[in-house]
Amino acid sequence: MSGQFEATTEIDRPVEEVFAYLAAGTNDPRFSPRVQAITKTPEGPTAVGTVFTSTVKDAGMKTGRKFRITELEPPHRIRWAEVSKNAVMATEGGYDLESTGPRTTRVRIFNVLEGHGIGKLLVGLALSAARKDADAFGKRIKAAVEAS
Numbered sequence: 036m037s038g039q040f041e042a043t044t045e046i047d048r049p050v051e052e053v054f055a056y057l058a059a060g061t062n063d064p065r066f067s068p069r070v071q072a073i074t075k076t077p078e079g080p081t082a083v084g085t086v087f088t089s090t091v092k093d094a095g096m097k098t099g100r101k102f103r104i105t106e107l108e109p110p111h112r113i114r115w116a117e118v119s120k121n122a123v124m125a126t127e128g129g130y131d132l133e134s135t136g137p138r139t140t141r142v143r144i145f146n147v148l149e150g151h152g153i154g155k156l157l158v159g160l161a162l163s164a165a166r167k168d169a170d171a172f173g174k175r176i177k178a179a180v181e182a183s
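In case it helps, our numbering puts the sequence shown at residues 36 to 183.
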């Protein structure tokens, strides 16, 4: 089983600033309480092939995650895929950014979650939790970008 969750938010910053903040990748702990730590390889600007390695806490359990950037089209599109092996994985995810004015940006985030092994039993619960939190997640992204 697999499924998708998404959120959309309006951010009071120009699209170029929002893209730069999100593409940096290491800002995730500022808006995702799941992310305990994150690093980027290689150092320098994010590009297709950049890998982000994080420690996340879900349902009280810590796991390691690795995501590879698969598409990067400044300032409108970022795509990633999880390359680590976990019971529930984000096989595809991304941000779509659209300028809605000189200083405002609409951001859509999504992740496609897929279960593997025991994760086939858990993915429904993970999707339900992610969908329930989606609007709040969008608001946390907005607050973090606007505070930067």
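Backbone N, C-alpha and C fix where the C-beta goes; we use that ideal spot for every residue, glycine too.
Source: prediction; values computed, not measured.
Quiz item: When the distance is taken between beta carbons, is G173 closer than 9 angstroms to T85?
Solution: Start at 1 with the first residue of the sequence shown, and residue 85 comes out as number 50. Start at 1 with the first residue of the sequence shown, and residue 173 comes out as number 138. No, the pair does not count as a contact, with Cβ atoms beyond the cut-off.
Quiz prompt | Other residues of its chain near H111: CB distance less than 6 angstroms, five sequence neighbours each side excluded | solution = As a working note, residue 111 is residue 76 in the sequence shown. Cβ within range, chain order: L132.
Quiz prompt | L88 versus S119 - alpha carbon distance | solution = For the purposes of this step, residue 88 is taken as the residue at position 53 of the sequence shown. For the purposes of this step, residue 119 is taken as the residue at position 84 of the sequence shown. Correcting the residue type first, residue 88 is Thr in the shown sequence and not Leu. Taking the straight line joining both Cα atoms gives about 9 angstroms.
Quiz item: If you draw a straight line from the C-alpha of L57 to the C-alpha of R65, how long is it?
Solution: Here residue 57 corresponds to residue number 22 of the sequence shown, with the count starting at 1. Here residue 65 corresponds to residue number 30 of the sequence shown, with the count starting at 1. The alpha-carbon atoms of L57 and R65 are separated by roughly 11 angstroms.
Exercise. With a threshold of 16 other CB atoms inside 10 Å of the CB of L189, please say whether the residue is buried or exposed.
Key: With the chain covering 36 to 183 only, the question about residue 189 has no answer from this structure.
Quiz item: Between R69 and V142, what straight-line distance do the alpha-carbon atoms span, to the nearest angstrom?
Solution: As a position in the sequence shown, residue 69 is number 34, starting the count at 1. As a position in the sequence shown, residue 142 is number 107, starting the count at 1. Distance between the alpha carbons of R69 and V142 is about 20 angstroms.
Self-check item: Pair within 9 angstroms by beta-carbon distance, G60 and L148
Solution: Stepping through the sequence shown from its first residue, residue 60 is reached at position 25. Stepping through the sequence shown from its first residue, residue 148 is reached at position 113. Not closer than 9 angstroms, so no.
Practice problem: Put D47 into one of helix, strand or coil per three-state DSSP. | Solution: Counting from one through the sequence shown, the residue named residue 47 turns up at place 12. The answer is coil: DSSP assigns D47 none of H, G, I, E or B.
Quiz prompt | Sub-9 angstroms separation of V180 and V53 beta-carbons | solution = The residue you call residue 180 lines up with position 145 of the sequence shown. The residue you call residue 53 lines up with position 18 of the sequence shown. Yes, Cβ-Cβ distance for V180 and V53 is below 9 angstroms.
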